[in-house]
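See below for the structure under consideration.
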Amino acid sequence: MRCAILAGLALAGMATAADAGAWTQPKGRAQVIIKAETMRAVEGFDPSGALLALPDARDDRAVGVFAEYGVTDRLTLQVKGDWQSGEDAFVDYSGRGPTEVGLTWQAWRNDRGAVSLYAGYAQSGNGRNAGYAAPGVGKQDWEVRVSAGRGFGAPAAVTGRWGPNRTFVEVQAARRMRDGLPDEVRADLTLGAHFGDNWMILAQAFGGVTDDNGAQWLSAETSVVRHLGRWSLQAGWRRTVAGRETPLAEGPIVAIWRRF
Numbered sequence: 336m337r338c339a340i341l342a343g344l345a346l347a348g349m350a351t352a353a354d355a356g357a358w359t360q361p362k363g364r365a366q367v368i369i370k371a372e373t374m375r376a377v378e379g380f381d382p383s384g385a386l387l388a389l390p391d392a393r394d395d396r397a398v399g400v401f402a403e404y405g406v407t408d409r410l411t412l413q414v415k416g417d418w419q420s421g422e423d424a425f426v427d428y429s430g431r432g433p434t435e436v437g438l439t440w441q442a443w444r445n446d447r448g449a450v451s452l453y454a455g456y457a458q459s460g461n462g463r464n465a466g467y468a469a470p471g472v473g474k475q476d477w478e479v480r481v482s483a484g485r486g487f488g489a490p491a492a493v494t495g496r497w498g499p500n501r502t503f504v505e506v507q508a509a510r511r512m513r514d515g516l517p518d519e520v521r522a523d524l525t526l527g528a529h530f531g532d533n534w535m536i537l538a539q540a541f542g543g544v545t546d547d548n549g550a551q552w553l554s555a556e557t558s559v560v561r562h563l564g565r566w567s568l569q570a571g572w573r574r575t576v577a578g579r580e581t582p583l584a585e586g587p588i589v590a591i592w593r594r595f
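For what it's worth, the numbering used here labels the leading residue of the sequence shown as 336, then goes sequentially.
Okay, structure coming up:
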């Protein structure tokens, strides 16, 4: 879901109200985001949530592309995919990750807030490893998601040379039905602040749980975005802060956004 949040946020520095995953693209407008990340873990959370050392370090790398296009003012087409690689004590994989296609419908919107509904279909990639499937993705997955966002003008007490001139909050909840793996429930929260027209700071939390009460995860990410006309550059850091049966991974993320 983070790609969908970032896609909408790329417009946020250009608009009066905050734009996030809850906001669809205007008709005929498009946006592409290329994002790279590298995560490393030397510890992991066991089934009780306690931290234990991993048998060997785990490294995960990905370069992803997210694109969206406004079919109408209320309907946006989204496509995303990535290339993944990594290794740990048990597996060494690389290859194309899942490809997902979906539609977002603007259910409600006013000058400050918005609510949208999303439905998408994902197919697993072709990673090179015996029996390999993209981590956390079944052979064929379906996802439904609801998103809600609200923009705010910054209080006069904090607006000034160093304070933000507007802020926003965006929440998402999703249900992912996975072929060959337990289904999942996911949730995301994004807080953002604009500093003038060219800078934005994002604080995000995203997590999920599988239906079999197995894997659980909660990660936090902080990043800075610099707008340069139709381009935007993002740099940040992500870290797993809690979970069960999941690695404690952390590392940098960078992204380039382009609006058309």
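The beta-carbon is built from N, C-alpha and C at its ideal position, and this holds for glycine as well.
Selected residue, minimal CA-CA separation from residue i, among the options
i	options	result
residue 518	545, 431, 539	545
residue 521	530, 510, 486	510
residue 438	408, 421, 445	408
residue 582	392, 400, 366, 561	392
residue 426	394, 507, 503	394
residue 477	414, 512, 523	512
residue 366	413, 419, 446, 506	413
residue 451	429, 506, 374, 588	506
8 Å Cβ cutoff met for residue i and residue j
i	j	result
residue 585	residue 571	no
residue 540	residue 579	no
residue 448	residue 484	yes
residue 460	residue 499	no
residue 435	residue 397	no
residue 422	residue 411	no
residue 454	residue 479	yes
residue 369	residue 528	no
residue 569	residue 560	yes
residue 444	residue 595	no
residue 542	residue 553	yes
residue 458	residue 441	no
residue 400	residue 389	no
Residue i burial status per 10 Å Cβ neighbour count (16 or more: buried)
i	result
residue 537	buried
residue 547	exposed
residue 456	exposed
residue 486	buried
residue 468	Caution applies to residue 468, whose pLDDT of 40 falls short of 50 and renders its modelled position unreliable; the value that the coordinates give is listed next. Residue 468 should be labelled buried.
residue 592	buried
residue 564	exposed
residue 567	buried
residue 464	Legend: pLDDT at residue 464 = 49, less than 50; position of this residue unreliable, value from coordinates given subsequently. Residue 464 comes out exposed.
residue 532	exposed
residue 405	buried
residue 501	buried
residue 466	Because residue 466 carries a pLDDT of 37, less than 50, the predicted location of this residue cannot be relied on, and no value is offered for it.
residue 417	buried
residue 523	buried
residue 573	buried
Residue i - partner residues in DSSP beta bridges
i	result
residue 551	544, 579
residue 487	502
residue 570	559, 589
residue 458	434, 475
residue 447	Beta-bridge pairing links residue 447 to no other residue.
residue 525	505, 539
residue 386	380
Query raised in the report: Does the count of Cβ pairs from the stretch 374 to 389 and the stretch 359 to 366 closer than 8 Å reach three?
Result: No, because fewer than three Cβ pairs between the stretch 374 to 389 and the stretch 359 to 366 fall closer than 8 Å, the two stretches do not touch.
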